[in-house]
Amino acid sequence: MSYPDDNTRRLNLKPGDFGHLSDLNKGQKAMVIDFHNDNAALRRHLLDMGITKGVVVEIKKVAPFGDPVSIKLRGYELALRRADMRGIDIEVLGE
Amino acid sequence: MMKTIGLVGNQNAGKTTLFNALTGMNATVGNWPGVTIERKEGQIKGTADCRLVDTPGVYSLSPYTEEEKVTRAFCLNAHPDLLINIIDATSLERSLYLTTQLAELSTDVIVALNMADILESNGISIDENKLSEMLGLTVIRISAKTGEGINKLIEVISKGTYKKNPHQKIYAKDIQREIDHLEGDLNSELEEAKNPKFAAVKLFERDPFFLALNNTSTDNEVRALETQYGMDAEQIIADQRYDFVTKLKAECCSEKAMPESITDKLDKVFLNRWAAIPLFVAIMAVVYFLSVGLAGSLTSDFIDALFNGSEEITVLYQTVSFNIKGLGPLLGESIVNAGGSVWAADLIQNGVIAGISSVLTFVPQLSVLFLAMAILEASGYMNRIAFFLDQIFKRFGLSGKSIIPFIVGTGCSVPAIMSARTVENKKEREMTIMLTPFIPCSAKLPIITAFASVISPTYGWLISLSLYFLSLAIILISALILKALNHQKGDTSFISELPAYKWPNPEYTLKEVGEKTWSFVERAATVIFFCSLAVWTLTRFTWSMEYIGPSSLLAGAATQIDRSMLADIGKGIAYLFIPAWGGVYSWGATVSAMQGLIAKEQVISSLSVIAGGNIATAMTVPGSLFSFFATRPLAAYSFMVFNLFSAPCIGALTAMKKELGGWKMMVKAIGLELGWAYVVSSIFGLIAWGLAGWEVVGL
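Sequence order for the protein chains is C and W.
Just so you know, we're using this note's numbering here: the first sequence kicks off at 1 and counts up by one.
Just so you know, we're using this note's numbering here: the second sequence kicks off at 1 and counts up by one.
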């Protein structure tokens, strides 16, 4: 498994592809593989909000200007900025 | 002995509604010790010794925002006798995650499974007996909104028939063994060790707050576990809590696949790429039209007539004949008839009644405004506003969440400044606090509406709206300046739950509106009363205390108000304001604007005390003291602008000082605000002056 290190958004990820949560488009589903963030408090908060390894997330809504994004996980919706979603490594799931 | 019961839960779990349902109407509001965060307490209905304390909404006992720190401190240090953990049954996993933490405290916990009324329509069914068994805690199904289960909850609390906290072991064996080990080694003399199970987990996580508790060096063992699990300790704990919760959910809860939810359908419209912003603008316009336009034009002239008397009033932009003496003139007359002196009658009629009534006339439009804000907040739309504005606000060094203080600020800056606490980043929070007073608050509304109707009686509400957007522009420009001064980098974040849309509970919404309106009236009765007295004294006497007020109560009786103390003070400062007031040298306008620093409500009542009666008359009848506002409408606009943007009232300044953590930042904020107020109002004033051919009036 290798993840892209740069901050550019990789578009058109297919089921089975690896990438960052920020790469996904509306309607795509993915499983969280790993998760890193330099800001310890923010990382802690995201853990508390349920972003842990193995959790399935779906991109539900995108704000009118493209950011933030609302993701569905654990039965609720969480709004995040794409910048904060970059640290979340995912595997794209099929329908 | 009085029992302290804490109400703890996620944001949007229905905490406030349950608090109201449990306590009825007997809540008292104060502040948490040491912080300005509101603390609500009340006796639980039908009990003699159960005091319920509401806490700020949290997702975890690892606090992320200032408010969340309060809840953690309460749970750990206040030693409550019982915690009621309200959970949103429609998002069970995230809610129960907090429950697993609360269950580690030494306190007993009752789980109140809320939103029972909408479970079915969400296709969810929950076996609460099984949930109770697996959690080891009493679980009661309730609906805070419909009242279902509330009596049962109260009964269980008052009879004490809830399960004792069994401290279930929820972690994998090797992790649990390490945590038990840490617990056994706790330095039990320390305060933090009062909740040993919780402290042990926190030690495992290396929470800096608990490190003092550590007696033994277990770091190597934790490290070994981290390597084994491929995660750090914090991650392991969060992971295992969620594993436990997922297992609970799988056993106790079944979900049917549902067609697209109403929330998703609504969001397709409200968060639509093209429609979101126009809809937001339209909603705000409707709010302002209903409050300032409709409610205002329907009632304010009428209320004014009740206090100050009239022959005809304007209702919905139509002049109607309405002959009434009015409370003030009636009282004044009876004082004179009873042999009282004219100055005493004048004090009551033109000092006290005129001053207070000028504020009270705005009560109807304020309550409509408060109502609209409460609905926007309770329905979940406010979260959406923050969501779609974040991208714009981010560019200005603010968070989308800054919009919430800005919108709350249309009511009052004080709670608005406090609500800035939900903004996570310190710099963003400070900027939000400094900029919130620029929002036209309810006390500025009287100034806006009075002057807007002088500029255009029919389209006054549109002028009010234009000021709202002008203030947004000023906020964004100031934000850019502050951002540059702060050398702010883009390392901030926005994390917010997007809750499902809800119908606000009418009873509690109205109660909230009532409370807010009442606190406005209270201010009018206290601060404004004393300010009116002071202004009256300063306008009716010279420095040598010679009475120079009206010699009789007849309208238009001669006064020598320009010899008064206030006039002398104003005459000195008024030179500075010639550009701002459109080339007019007016001590009356100047001293009134200055009084806005004490309370914004005071501006209009000061103008009316100085004018000796109705402010609208004083501005519209040619030759009156403030008629220049009607002949130079842009001067009226710039007067509004100055009052809108100049430093806020004492109350807001105090809140700012507390929230910004000191004088330095507060002084910076005041400087910024006064500077803007002077510059922007002078721009409009200079145009007005230029249009009038640079003629100076009043010198």
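Positions of the beta carbon are idealized from the N, C-alpha and C atoms, including for glycine.
Residue-level contact to chain C via CB, residue i, 8 Å cutoff
| i | result |
| --- | --- |
| I392(W) | yes |
| K15(W) | no |
| D267(W) | yes |
| F210(W) | no |
| Y242(W) | yes |
| L248(W) | no |
| L607(W) | no |
| L699(W) | no |
| P496(W) | Per the sequence shown, the amino acid found at residue 496(W) is Ser instead of Pro. With 8 Å as the cut-off, S496(W) counts as an interface residue toward chain C. |
| Y575(W) | no |
| F198(W) | no |
| F387(W) | yes |
| W689(W) | no |
Residues near residue i in its chain [Cβ-Cβ closer than 8 Å; skip 5 each side]
| i | result |
| --- | --- |
| I348(W) | G328, L331, G332 and I335 |
| N165(W) | A103, L105, S106, T107, D108, V109, G136 and L137 |
| F645(W) | F438, S471, I474, E673, W676, A677, V680 and S681 |
| E191(W) | N77 |
| A655(W) | T36, S413, V414, I417 and M418 |
| Q240(W) | I170, Y171, A172 and I175 |
Close Cβ partners of residue i (< 6 Å) along its chain, the five nearest in sequence each way excluded
| i | result |
| --- | --- |
| S682(W) | P579 and A580 |
| N12(C) | none |
| A688(W) | G582, R632, L634 and A635 |
| P56(W) | E67, V70 and T71 |
| V58(W) | E68 and T71 |
| G42(W) | T23, N26, A27 and L52 |
| R74(C) | G50 |
Partner residues on chain W for residue i, Cβ-Cβ distance less than 7 Å
| i | result |
| --- | --- |
| R44(C) | S62 and E234 |
| L47(C) | E234, Q235 and A238 |
| G16(C) | Within 7 Å Cβ-Cβ: nothing; G16(C) doesn't reach chain W, min ~22 Å. |
Buried versus exposed call for residue i [16 or more other C-beta atoms within 10 Å across all chains shown]
| i | result |
| --- | --- |
| G693(W) | exposed |
| F307(W) | buried |
| Q318(W) | exposed |
| N220(W) | exposed |
| M545(W) | exposed |
| P4(C) | Low confidence applies to P4(C): its pLDDT is 49, below 50, so where it sits in the model is not reliable, and the reading given next is rough at best. The residue is exposed, with fewer than 16 neighbouring Cβ atoms inside 10 Å. |
| E120(W) | exposed |
| E178(W) | buried |
| M431(W) | buried |
Chain W within 8 Å of residue i, Cβ atoms only
| i | result |
| --- | --- |
| L24(C) | no |
| K29(C) | no |
| E58(C) | no |
| L21(C) | no |
| D67(C) | yes |
| S2(C) | Note that S2(C) scores a pLDDT of 42, beneath 50, so its modelled location is shaky and nothing firm can be said. |
Contacts that residue i makes with chain W (C-beta to C-beta distance below 8 Å)
| i | result |
| --- | --- |
| K53(C) | M231, Q235 and D239 |
| G50(C) | E93, R94, Y97 and Y242 |
Contacts that residue i makes with chain A (C-beta to C-beta distance below 9 Å)
| i | result |
| --- | --- |
| L271(W) | Annotation note: the requested chain A is absent from the structure, which comprises protein chains C and W. |
Partners in chain C for residue i, counting only beta-carbon separations shorter than 8 Å
| i | result |
| --- | --- |
| S702(W) | Nothing about residue 702(W) can be reported from this structure: the residues present for chain W run from 1 to 699 only. |
| S91(W) | R74, G75 and Y76 |
| S493(W) | N39, L42, L80, R81, A83 and D84 |
Close-in-space but distant-in-sequence residues of the same chain around residue i (CB under 7 Å, 5 per side omitted)
| i | result |
| --- | --- |
| D117(W) | S143, K145, T146 and E148 |
| T436(W) | P405, F406, G409, S413, A416, I417 and A420 |
| F289(W) | W461 |
| Y64(W) | E424 |
| E312(W) | T319, V320, S321 and F322 |
| A30(C) | L21, L24, V57, I90, E91, V92 and L93 |
Contact set between residue i and chain C, taken where Cβ atoms lie within less than 7 Å
| i | result |
| --- | --- |
| I277(W) | P64 |
| Y59(W) | D48 and M49 |
Task: Meets three-Cβ-pair contact criterion under 8 Å: the stretch 294-312 of chain W and the stretch 468-475 of chain W - done: The stretch 468-475 of chain W and the stretch 294-312 of chain W do not touch, with fewer than three beta-carbon pairs separated by less than 8 Å.
Task: Contact the stretch 257-271 of chain W vs the stretch 189-198 of chain W: 3+ CB pairs below 8 Å - done: Because the criterion of three Cβ pairs below 8 Å is not met, the stretch 257-271 of chain W and the stretch 189-198 of chain W do not touch.
Open item on the list: If contact is defined by three or more beta carbon pairs under 8 Å, each pair taking one atom from either stretch, is the stretch 282-289 of chain W in contact with the stretch 350-367 of chain W?
Closed with: No, the stretch 350-367 of chain W does not touch the stretch 282-289 of chain W.
Open item on the list: Check whether the stretch 663-680 of chain W and the stretch 621-631 of chain W are in contact - that is, three or more C-beta pairs closer than 8 Å.
Closed with: Of all C-beta pairs linking the stretch 663-680 of chain W to the stretch 621-631 of chain W, fewer than three are shorter than 8 Å, placing the two stretches out of contact.
TODO: Examine the Cβ distances between the stretch 85-92 of chain W and the stretch 1-13 of chain W and report whether three or more of them are shorter than 8 Å.
DONE: The stretch 85-92 of chain W vs the stretch 1-13 of chain W: in contact.
Open item on the list: With three or more beta-carbon pairs closer than 8 Å as the criterion, would you say the stretch 376-396 of chain W touches the stretch 341-361 of chain W?
Closed with: In short, these stretches do not touch, since the Cβ pair count stays below three.
TODO: Would you check if there are 3 or more beta carbon pairs closer than 8 Å linking the stretch 560-574 of chain W to the stretch 583-602 of chain W?
DONE: The stretch 560-574 of chain W, when compared against the stretch 583-602 of chain W, does touch it at the 8 Å Cβ threshold.
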